[in-house]
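**Q** Encoded as structure tokens, here's the structure I'll be asking about.
2 protein chains.
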Amino acid sequence: MSLQNTLKALSDPIRREILNLLKGGRLSAGEITGHFSVTGAAISRHLSLLREADLIRDTREGKFIFYELNASVLEEIMLWITDLKGANDHAEEE
Amino acid sequence: MSLQNTLKALSDPIRREILNLLKGGRLSAGEITGHFSVTGAAISRHLSLLREADLIRDTREGKFIFYELNASVLEEIMLWITDLKGANDHAEEE
DNA sequence: TTAACATTTAACTTAATCGTTAAATATAAC
DNA sequence: GTTATATTTAACGATTAAGTTAAATGTTAA
């Protein structure tokens with residue numbers, strides 16, 4: 315169920331861009347929203363999906379909620395792909 | 315556009331399972347269909363999406379169409395994830 | 001305790017996705 | 001050439017996804 319959640323979360327370009335933004339450090343929901351041309355409500359839903367996939371973590375500080383990247387769950391995708399590529403690389407050698 | 319296509323293709327469990335099946339070698343559309351409890355038409359559409367994402371290649375041989383894995387496009391995802399994880403790993407060290 | 005700000009949740013609309021059945025296409029076999 | 005087999009494409013219905021606006025929640029500050 316976890317790999318499914320992760321890949322689903324990554325299949326949307328806005329959500330991927332949010333992750334890219336968070337590479338530079340934690341940002342509040344409002345700061346994230348500022349980077350896109352959709353409403354805060356829409357971004358909030360994207361953030362919630364990313365959180366459910368455990369790709370981000372959130373901390374409230376006063377009236378702000380800060381989001382930060384948690385890329386460790388991507389390890390599972392790396393393993394899955396490595397497995398798949400392994401089989402393929404072998405085939406390409408023939 | 316390519317990363318988007320690839321991740322979209324990978325976001326469906328049946329399509330991922332098709333790729334897993336093809337790890338073991340080429341299979342005809344019918345053989346692939348046999349592994350699932352959906353119709354051949356549904357599998358055909360999944361195969362077409364995987365082909366558009368260049369994750370598989372097809373060759374007709376007589377009345378069969380054989381599909382084989384092309385995992386090389388997954389490299390792009392690996393790079394994207396590595397980039398993301400790199401930023402995150404650094405943060406975790408602090 | 002009211003007003004303002006930051007964010008989420010709810011209700012709704014539209015578009016995309018996935019499945020089905022039926023028809024079309026391509027090849028092989030009789 | 002007609003029939004059978006393998007696969008795809010078309011047309012349709014159901015479900016999910018993504019966006020919007022409006023209302024709700026949580027926090028700070030007057």
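Here the protein sequences come in this chain order: F and E.
Read in order, the letters of the first sequence are residues 315 to 408 in the working numbering.
Read in order, the letters of the second sequence are residues 315 to 408 in the working numbering.
Every residue gets a Cβ at the ideal spot worked out from N, C-alpha and C, and that includes glycine.
Going by DSSP, name the residue or residues bridged to Ile370/F.
**A** The beta-bridge partner set that DSSP reports for Ile370/F consists of Leu383/F.
**Q** Would you grab the beta carbon distance between Leu361/F and Tyr381/F for me? Rounded to a whole angstrom, and I think it's under 8 Å.
**A** Right, the Cβ-Cβ distance comes to about 6 Å (below 8 Å), so this counts as a contact.
**Q** With 8 Å set as the bound, which would you pick, yes or no: does the beta-carbon of Ser325/F sit closer than that to a beta-carbon of chain E?
**A** yes
**Q** Examine chain F for any beta-carbon lying closer than 8 Å to the beta-carbon of Leu419/E, and answer yes or no.
**A** Nothing in the structure corresponds to residue 419/E, since chain E is present only between 315 and 408.
**Q** If we define contact as Cβ-Cβ less than 8 Å, is Asp332/F a contact residue for chain E?
**A** With the sequence shown as reference, residue 332/F is identified as Ile, and Asp is not the correct amino acid for it. No, no contact with chain E.
**Q** Taking Leu398/E and Leu317/F to be in contact with their CB atoms under 8 Å, please state how far apart those CB atoms are, rounded to whole angstroms.
**A** At roughly 16 Å, the Cβ-Cβ gap does not stay under 8 Å, so Leu398/E and Leu317/F are not in contact.
**Q** Does the CB of Lys377/E have a neighbour CB from chain F at under 8 Å?
**A** No, no contact with chain F.
**Q** Touch check for the segment 329 to 344 of chain E and the segment 383 to 393 of chain F: three-plus C-beta pairs under 8 Å?
**A** no
**Q** Kindly indicate which three-state DSSP category Ser362/E falls into: helix, strand or coil?
**A** helix
**Q** Assuming Thr320/E and Leu383/E form a contact by the criterion Cβ under 8 Å, report the distance between their Cβ atoms to the nearest whole angstrom.
**A** Not confirmed; about 13 Å, so no contact.
**Q** What residues of chain F sit near Ile346/E, judged by a beta carbon separation below 9 Å?
**A** Within 9 Å Cβ-Cβ: nothing; Ile346/E doesn't reach chain F, min ~16 Å.
**Q** Taking CB distances under 8 Å as the criterion, tell me whether Glu408/E reaches chain F.
**A** Confidence is the limiting factor: at Glu408/E the pLDDT is only 45, short of 50, which leaves the residue's position unreliable and the question unanswerable from this model.
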